[in-house]
Every structure is written in structure tokens, then in C-alpha cells.
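The structure appears below as C-alpha cells.
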Amino acid sequence: MQFLKTLFWALLVGVVVAFSLNNMTMVPVRLWGSVVADVNLPLLLIVTFLLGFVPAYLSLVTVRWRARQRIAATERALADLRAAQATPPATLAPGDLPAARVVPAPAVTPVHAVDAPVTDNALGEHPITPGAPGTIIQDRS
68 MQFLKTLFWA
78 LLVGVVVAFS
88 LNNMTMVPVR
98 LWGSVVADVN
108 LPLLLIVTFL
118 LGFVPAYLSL
128 VTVRWRARQR
138 IAATERALAD
148 LRAAQATPPA
158 TLAPGDLPAA
168 RVVPAPAVTP
178 VHAVDAPVTD
188 NALGEHPITP
198 GAPGTIIQDR
208 S
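Numbering (our numbering), first residue to last: 68 to 208.
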């Protein structure tokens, strides 16, 4: 591939030199007002080529530089994530945690069947309020 690059540039330089030698004429260039400059045609063509090429090349260099910076930042972030994922989570010793606080349950007063409302369940059964609390009989009506 390097050979092809060298061959290309050598051919390009050869074409430019051949063009310059065959066209060594002076060209009048009107700058402003009545100022006229006589310039060699090859020099004028090279200068106009560079006036178009240099800004585009500088733009390309800045875009490539920004892309390299973004790629490097992304690779650093990826390496940090992989390093964080590779390290095992820290194990806690029993003394590392704060002591558990036991909260006493509120006192519950028992509810007797006499005080509770009588409700039927899905089978049609209801508790007997007098007598044995909590016993269920089947409704046969």
C-alpha cells in the first residue's frame, strides 16, 4: 500500500512539473482599482488550489481530532465500567452493620365473637354468636 501512495504522489508531482514547464506564461491579475500584478500561471494555479485545499484540510483535521477525543473518552469510560464490574462486591462482617433495633408490637385487645358483626362467607356459613365463639355452622335454609 505504501508503494501505491508513493507512486501516486510521484505521478502527481510529475504532472504538475510538466504542466508548469509547458505553461510558463505571465498572466495579468487585476487586484483592485488600477493595480495589476503579473503572475506565472503555474504559481497562480498552485496558490488558488491551496486556498481551497487548506481550509478543507484544517476542517478535516479538527473533525478527526474531536472524533479521537470522543473515542478515547468512551474507551476510558468503558474501561472504568469493566473495572467496576470485575471487582467483587465488598462483603460485610457481622460487626460492620449497626445493631438491629427491635420495635415492640402494639398491644392488641382480643375481640370476642359477641362484639364482632355476623357475616356470611361464600358458602353461606355464619358463626354462631351465642355459645362457642369462632365455631361455624352450616345454614340449611
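Think of the CB as a built atom: it goes at the ideal place given N, C-alpha and C, for glycine as much as any other residue.
Query raised in the report: Under 8 Å, do F86 and P122 count as touching if we go by C-beta distance?
Result: Going by beta carbons, F86 and P122 fall outside the 8 Å limit.
Query - Beta-carbon proximity of D105 to M93, cut-off 8 Å - result: yes
Report task. From the DSSP output, in three-state form, read off A85 for me. Result -> helix
Report task. Specify, as a first and last residue, the run of the beta strand (DSSP E) that A104 falls within. Result -> Where A104 is concerned, the enclosing beta strand (DSSP E) stretches over 103-107.
Query raised in the report: Are the beta-carbon atoms of V103 and V96 separated by less than 8 Å?
Result: yes
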